[in-house]
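Q:
In UniProt numbering, the protein residues as written are 1 to 125.
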């Protein structure tokens, strides 16, 4: 990951149960935080809450939940999630449709994810 001098950098993995937040601090040190992905009594959005907590603890400033996070302190945020993939595999969520123009050759094919080397970066399906 590229470093951003003097700013907080965040890499977040938002899962169905937990959200993991990795933060590189302006001094180059690192922090890791884990919180529940859903906790509606305490916060609306786990990734935002994780960022807010790190910023509060590291700067000593208050970042109220009802206000947007001060992005001037942030170099970058990278986030991945399995929530949509899990919803597809578990057949949960709202019914959706994918419409493409005729002859669209690069259509994403999810199928059953049953291929010989599931975690290969290159898929020759």
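Just so you know, even glycine gets a beta-carbon here, dropped at the ideal spot from N, CA and C. Here the structure is a predicted model, which is why all the values come from computation and not from measurement.
Do residue 69 and residue 52 have their C-beta atoms within less than 8 Å of each other?
A: Along the chain shown, one-based indexing puts residue 69 at 69. Along the chain shown, one-based indexing puts residue 52 at 52. Yes, the Cβ-Cβ distance between residue 69 and residue 52 is below 8 Å.
Q: Is DSSP giving residue 81 helix, strand or coil here?
A: The residue given as residue 81 occupies position 81 in the chain shown. Residue state, collapsed to three classes: strand.
Q: Any chance you could list the beta strand (DSSP E) runs of at least 3 consecutive residues sitting entirely within the segment 15-64, in chain order?
A: Counting only runs of 3 or more, we get 18-24 and 30-36.
Q: Output the distance between the C-alpha atoms of residue 78 and residue 54, rounded to the nearest integer angstrom.
A: Translated into positions along the chain shown, residue 78 becomes position 78. Translated into positions along the chain shown, residue 54 becomes position 54. Their Cα atoms are separated by approximately 15 Å.
Q: Can you tell me the Cα-Cα spacing of residue 49 and residue 97, whole angstroms?
A: Residue numbering aside, residue 49 sits at position 49 when the chain shown is read from its first letter. Residue numbering aside, residue 97 sits at position 97 when the chain shown is read from its first letter. For residue 49 and residue 97, the distance between alpha carbons rounds to 32 Å.
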